[in-house]
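Below: the structure, in structure tokens.
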């Protein structure tokens with residue numbers, strides 16, 4: 378049985394860790410609220426763009442958006458969205474498992490977003506074409522525009538024929554799910570999210586589609602679409618990360634409290650045993 382001083386030191390250590398995790402929980406709660414608010418604002422916009430694309434693809438030949446040569450490489454550009462920091466549970470590992478479950482080719486290329494994705498790709502000897510480690514909601518717009526330019530150039534030059542994004546979709550304050558989004562060739566990824574549109578919404582959507590259809594080159598929609606959707610997927614991942622970190626810190630704080638309670642019981646038992654032993658020695662000595 379450990380002595381009293383050892384138990385006291387261990388209890389103090391656990392209490393200290395509990396204070397840290399509690400502080401981190403408060404910070405992550407604030408950040409998760411901000412991230413979810415940003416997500417709800419962007420989700421409505423990028424999902425409307427997706428619905429618009431779905432309606433266009435119903436009326437037009439899907440190859441109308443093809444901007445690459447027909448004899449281009451059958452290669453995929455993978456965009457992996459992770460976090461910069463840890464202590465967010467299985468957030469990053471679930472993304473990497475999803476990526477590992479997908480079929481990949483020898484000519485595939487990789488873009489990492491977040492330091493964890495960068496480290497993962499390097500650890501698996503996968504060459505990184507571009508890295509965006511400085512992940513921040515302030516930079517989301519710039520990152521999405523830069524990547525959309527890379528996509529446009531690589532597809533036109535025939536270096537790639539597919540673009541896939543591995544990200545985490547936010548569902549609620551407890552649940553998130555890693556997903557693979559097909560960014561190019563343009564396909565409608567959210568058929569399950571279709572809702573009935575009002576007459577005004579249909580009229581507005583038809584007007585937008587007709588404006589795009591009047592353009593001499595519909596392919597210009599590819600860059601716009603990829604930039605908007607990428608921004609949306611980044612906000613999805615950030616909200617999922619912050620919520621995952623909040624839950625992890627909440628669990629860690631709860632576990633530390635339980636451990637402190639157990640150590641208090643062990644401390645009292647040990648001290649009581651010592652006192653009982655001392656009393657027994659005194660009684661034995663007096664006899």
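Numbering (the numbering used here), first residue to last: 378 to 664. C-beta atoms are modelled at their ideal positions from N, C-alpha and C, and glycine is treated no differently.
Keeping to the same chain, check which residues put their C-beta closer than 8 Å to that of residue 577; ignore five residues upstream and five downstream. Working through the chain shown from its first residue, we reach residue 577 at position 200. A caution first: residue 577 carries a pLDDT of 44, below 50, which makes its placement in the model too unreliable to give a value.
Determine the DSSP secondary structure at residue 545, reduced to helix, strand or coil. Taking the first residue of the chain shown as 1, we reach residue 545 at position 168. Reduced to three states, the DSSP call for residue 545 is strand.
Among 392, 640, 659, 408, which residue has its Cα nearest to the Cα of residue 550? Counting from 1 along the chain shown, the entry for residue 550 is found at position 173. Residue 408 is the option with its Cα nearest to residue 550.
What residue from 429, 396, 414 has the CA that sits closest to residue 606's CA? Here residue 606 corresponds to residue number 229 of the chain shown, with the count starting at 1. For the residues 429, 396, 414, the minimum Cα distance to residue 606 belongs to 429.
Cβ-Cβ separation, residue 458 to residue 337 (assumed contact under 8 Å), whole Å: The requested residue 337 is not part of the displayed model; the chain covers only 378 to 664.
Determine the closest residue to residue 499 out of 511, 473, 520, with distance taken between C-alpha atoms. The residue given as residue 499 occupies position 122 in the chain shown. With distances taken between Cα atoms, residue 499 lies closest to 473.
Below 8 Å on the Cβ atoms is my contact criterion, and I expect residue 604 with residue 525 to pass it. Report the Cβ-Cβ distance as a whole number of Å. On the chain shown, position 227 is the one that residue 604 refers to. On the chain shown, position 148 is the one that residue 525 refers to. That belief holds up - the Cβ atoms of residue 604 and residue 525 are roughly 4 Å apart, short of 8 Å.
Closest by CA to residue 523, which one among 506, 538, 556? Here the question's residue 523 lines up with position 146 in the chain shown. Among 506, 538, 556, the Cα nearest to that of residue 523 belongs to 506.
Whole beta strand (DSSP E) runs in the stretch 601–659 with 3 or more residues, listed along the chain? none
Pairwise C-alpha distance: residue 482 and residue 542: Translated into positions along the chain shown, residue 542 becomes position 165. Translated into positions along the chain shown, residue 482 becomes position 105. Near 15 Å, if we compare the C-alpha coordinates of residue 482 and residue 542.
Determine, using beta-carbon pairs with one atom in the stretch 640–648 and one in the stretch 384–401, whether at least three such pairs fall under 8 Å. yes
Extent of the continuous beta strand (DSSP E) to which residue 489 belongs: Translated into the one-based positions of the chain shown, residue 489 becomes position 112. 486–490 is the extent of the beta strand (DSSP E) around residue 489.
I'd like the list of long-range same chain contacts for residue 560, defined as Cβ closer than 8 Å, with 5 residues on each side in sequence excluded. Translated into positions along the chain shown, residue 560 becomes position 183. For residue 560, where only same-chain residues beyond five positions count, the Cβ hits under 8 Å are 456, 528, 540, 541, 542, 603, 606, 607.
Start and end of the alpha helix (DSSP H) containing residue 470? The sequence position of residue 470 within the chain shown is 93, counting from 1. 468–477 is the extent of the alpha helix (DSSP H) around residue 470.
So, at 7 Å on beta carbons, what are the nonlocal neighbours of residue 518 in its own chain, with the 5 sequence-adjacent residues on each side left out? As a first step, residue 518 must be located in the chain shown, where it is residue number 141. Only 608 meet the Cβ criterion.
For residue 405, is the classification buried or exposed, using 16 other Cβ atoms within 10 angstroms of its Cβ as the cut-off for buried? Taking the chain shown and counting its residues from 1, the one referred to as residue 405 is at position 28. Answer is buried; the Cβ neighbour count reaches 16.
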